[in-house]
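Residue numbering for the sequence shown follows the UniProt record's numbering, starting at 1 and increasing by one per position.
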Amino acid sequence: MHIVLDAGLPARVSRQRPLPRSVDHHLCPEQAVERSIATPSRRSSVGYEALPGALHCGGQRMRKMRTVAKGTVGAQRDWGGEAGARRLSYNVGISACQKAAQWQQAILLLEEMRGANTELDVISYSAGISTCDKGSQWQRALALLSEMWEAQLEPDVIIYNSGISACEKAAQWQKAVHLLREMREVKMEPDVISYSAGISTCDKSAQWQRALALLSEMWEAKLEPDVVIYSAGISACEKAAQWQRALALLSEMREAKVQPNSATTL
């Protein structure tokens, strides 16, 4: 069931509580993080918003923010001891990389967590996979997803959707279809976003039969395709010169009272 790729990153994990988002927006990124550490009442408020700007501006700031994140360990023991505080600090950095679409930095932080004997949790993986999705790094995204299962962690629908989306960007329709199948095997119901990304991937690869099969599955799962999904299905049929199928989808759209747009015009 698991996807094994060359871009593997071994891991172990435990669950972590959500991180507060309070941060002073009047401060520059470095000042916001440093103040959250220095002020006792705000020690656990190293916000997601504070880090992306610093990470985005270059290696020097990245190094500084990594040092600041490590410094939060002693200031956040109320989050589950030193190990929990360290994991929290790294997750803040990885989430910042996610927002700034800095997949290389996210991978480095994941590697650094392992080097520091810090277990990765669901938040670590989720942010890492999402960052790889944004960076069109489908192989790394699927490798992290596979590692979650090896670490006996269960990915949720959102994490799977990030993996499928990464495959969509790279037109890896076989991998996308495999992930949808894997979701069903583990009793996880794909949602509209899952199917939308899968059908779009099939469209990009001119896999019209797969696209129509996924559309049919949506109806069986009592999920209603929207105009974007229908457009992808029609586009897949158009690429394969399956004009009769395309017309049938257009007719189905009208029956379902889904308004066609310019992309569905044949």
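For glycine and all other residues, C-beta sits at the position ideal for the given N, C-alpha and C.
Three-state secondary structure (DSSP) of residue i
i, result
"THR201", "helix"
"ALA240", "coil"
"GLY58", "The pLDDT assigned to GLY58 is 44, lower than 50, so where the model puts this residue is not dependable, and the model offers no usable value."
"VAL258", "coil"
"ALA221", "coil"
"ASP133", "helix"
"GLU119", "coil"
"GLN105", "helix"
"VAL73", "Here VAL73 scores only 41 on pLDDT, less than 50, and its place in the model is too uncertain to base an answer on."
Distance CB(residue i)-CB(residue j) smaller than 8 Å
i, j, result
"TRP138", "LYS99", "no"
"THR118", "ARG140", "no"
"SER136", "LYS187", "no"
"THR201", "ALA246", "no"
"residue 283", "ALA236", "Outside the shown range of the chain (1 to 266) lies residue 283, about which nothing can therefore be said."
"ILE158", "TYR125", "no"
"SER89", "ALA127", "no"
Exposed unless 16 or more other CB atoms sit within 10 angstroms - verdict on residue i
i, result
"GLN152", "exposed"
"GLY233", "buried"
"SER22", "Low confidence applies here, because SER22 scores a pLDDT of 35, under 50, leaving its location unreliable and the question unanswered by this model."
"GLN105", "buried"
"ASN261", "exposed"
"GLU224", "exposed"
"GLN209", "exposed"
"GLN259", "exposed"
"ASP121", "buried"
"GLN102", "buried"
"GLY58", "Low local confidence applies: a pLDDT of 44 at GLY58 is under 50, so the model's placement there is unreliable, with the coordinate-based value given in what follows. Classification of GLY58: exposed, given that the 10 Å Cβ count is below 16."
Expected contact under 8 Å - CB spacing of residue i and residue j to nearest Å
i, j, result
"LEU144", "ILE129", "5 Å"
"SER205", "TRP173", "4 Å"
"ASP133", "ALA166", "4 Å"
"ILE193", "ASN161", "5 Å"
Every unbroken alpha helix (DSSP H) inside the region 152–200 [4 residues or more]: Qualifying alpha helix (DSSP H) stretches, in chain order: 157–169 and 173–185.
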